[in-house]
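Contents: one structure, followed by commentary.
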Amino acid sequence: MPARIIDGTAMAAAVREELRPLVSRFTARCGRPPGLGIVLAGEDPGSEIYVRNKLKSAADLGMRADLERLPATVTLDEVIEVVRRLNTSQAHDAILVQSPLPDALGPEAEQAVFDAIDPRKDVDGFHPANVGRLVQKRPTLVPGTPLGILEMLVRSGIAIGGRRAVVIGRSDIVGKPVAMLLLHRDATVTVCHSKTPDLAAVAAEADILVAAIGRPGFVTPAFVKPGAAVVDVGINRVSDPGVIARLFPASSPRRADFARRGSLVVGDVHPAVAEVAGALTPVPGGVGPLTIAMLLSNTIRAAENRE
Ligand code: NAP
Numbered sequence: 245m246p247a248r249i250i251d252g253t254a255m256a257a258a259v260r261e262e263l264r265p266l267v268s269r270f271t272a273r274c275g276r277p278p279g280l281g282i283v284l285a286g287e288d289p290g291s292e293i294y295v296r297n298k299l300k301s302a303a304d305l306g307m308r309a310d311l312e313r314l315p316a317t318v319t320l321d322e323v324i325e326v327v328r329r330l331n332t333s334q335a336h337d338a339i340l341v342q343s344p345l346p347d348a349l350g351p352e353a354e355q356a357v358f359d360a361i362d363p364r365k366d367v368d369g370f371h372p373a374n375v376g377r378l379v380q381k382r383p384t385l386v387p388g389t390p391l392g393i394l395e396m397l398v399r400s401g402i403a404i405g406g407r408r409a410v411v412i413g414r415s416d417i418v419g420k421p422v423a424m425l426l427l428h429r430d431a432t433v434t435v436c437h438s439k440t441p442d443l444a445a446v447a448a449e450a451d452i453l454v455a456a457i458g459r460p461g462f463v464t465p466a467f468v469k470p471g472a473a474v475v476d477v478g479i480n481r482v483s484d485p486g487v488i489a490r491l492f493p494a495s496s497p498r499r500a501d502f503a504r505r506g507s508l509v510v511g512d513v514h515p516a517v518a519e520v521a522g523a524l525t526p527v528p529g530g531v532g533p534l535t536i537a538m539l540l541s542n543t544i545r546a547a548e549n550r551e
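For the sequence shown, the residue numbers in the numbering used here are 245 to 551.
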């Protein structure tokens, strides 16, 4: 039987509707809406789209959302200066610095900027104080993507406690925090990466398999235990027809999409996995929309904590 497809778009809409009255109540009580400040440096096309969606989603809920736009030539000190200004701003409860920063700032810049954010306003949960609190299972601001993954599993009625979870990918943004959240929910968690031997065999032990790799269609049916819940975190823009041919049969409507647009966004999970898995999050329309909804949830949380 083909996998149940978990509709992230509908689930994110439901989360946003639950947040709406919280925003109204906060605004009535405090005489101002919850405020989110987004810092965008440079002109990365993907970041432009992400930031636009975040600003629009926040404004739709009645939040204040401000964009601090900086040129690609900005210095690290200048980015940190903007962060410090937002740290002390009365109107802003939440700060997000869009990743990636311009390459010219160097590999250490991103963490230096995250370190400068007031941990109480750090809605991406990248400040070391928040990472530490997550590890210690204390209340904290947790990154949106892992939080969204948990939300999808819980809302889909997928049991976590006592089950085997395998996470492929060990990034600070997805792999490590989602592993921690699953562990806190009493899953037995294995984290895999590029040096893991027999990766497919390890993955195939999972009741819950999370793929956060950044490689189109990497997780094939050989990685999946029949009936497992598979969460596809990957967002890969593919313009190579050979890759598209490997992923989609000639009759697939996505082939026609590709022919029309010249590129497609695909996940880390091969579409054939739908024939083996019990449940599957699609790309697009899976984890992505939940990530933004959880950012909004974190913004309200930061605002309430501050007041
Ligand atoms: P990342 O920092 O590049 O990490 C990728 C991870 O995958 C690394 O741990 C890497 O292992 C592992 N990996 C790479 N090749 C592998 C292989 N052949 N076998 C096993 N493991 C391999 O990426 P990320 O930031 O976590 O993002 C992962 C994907 O999720 C990307 O497609 C990204 O666009 C997407 N994403 C989506 C959202 C969303 O909202 N849906 C949010 C964030 C990211 P090593 O550590 O050994 O190098």
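Backbone N, C-alpha and C fix where the C-beta goes; we use that ideal spot for every residue, glycine too. Here the structure is a predicted model, which is why all the values come from computation and not from measurement.
Please tell me whether, using a cut-off of 8 Å, the distance from the CB of residue i to the nearest non-hydrogen atom of the ligand NAP is below it.
i	result
F467	no
N480	yes
V295	no
H437	yes
R414	yes
D512	yes
R490	no
R260	no
L453	no
G388	yes
F502	no
G286	no
G529	no
A348	no
V477	yes
G461	no
G369	no
In whole angstroms, what is the alpha-carbon distance linking residue i and residue j?
i	j	result
A275	L391	Residue 275 is actually Gly in this sequence, not Ala. Taking the straight line joining both Cα atoms gives about 29 Å.
G419	R313	29 Å
A444	I393	21 Å
E262	P372	30 Å
A447	F502	30 Å
A516	A247	10 Å
T543	V454	26 Å
A356	A309	23 Å
V386	P465	31 Å
P277	P460	40 Å
A489	R499	8 Å
V398	T317	43 Å
E519	F492	13 Å
A409	R429	11 Å
G252	P526	8 Å
F467	R550	44 Å
A472	I452	6 Å
D288	G478	18 Å
Got a sec, what are the start and stop residues for the beta strand (DSSP E) residue i sits in?
i	result
D476	A473 to D476
A516	First-last for A516: undefined, no H or E at that position.
G279	G279 to A285
V410	R408 to I412
T434	T432 to C436
Would you mind stating whether residue i and residue j have Cβ atoms separated by less than 9 Å?
i	j	result
G596	A338	The first residue shown for the chain is 245 and the last is 551, placing residue 596 beyond what the model contains.
G388	T535	yes
L540	D476	no
E449	M255	no
P421	V375	yes
Could you spell out where the alpha helix (DSSP H) holding residue i opens and where it closes?
i	result
D501	P497 to R505
E312	No alpha helix (DSSP H) contains E312, which is instead part of the beta strand (DSSP E) from R308 to L314.
T271	G252 to C274
A547	V531 to R550
Would the C-beta of residue i count as close to the ligand ZN, meaning under 8 Å from any of its heavy atoms?
i	result
A450	Annotation note on the ligand ZN: not contained in the displayed structure, which lists the ligand NAP as its ligands.
Is residue i close to chain C, meaning its C-beta is less than 9 Å from at least one C-beta of that chain?
i	result
I402	Considering every chain present, this structure includes no chain C. It has just one protein chain.
Since residue i contacts residue j with CB under 8 Å, what's their CB separation in whole angstroms?
i	j	result
L311	L320	Going by Cβ atoms, the distance from L311 to L320 rounds to 20 Å, so no, they are not a contact pair.
A537	V259	4 Å
V510	V482	5 Å
P346	A285	6 Å
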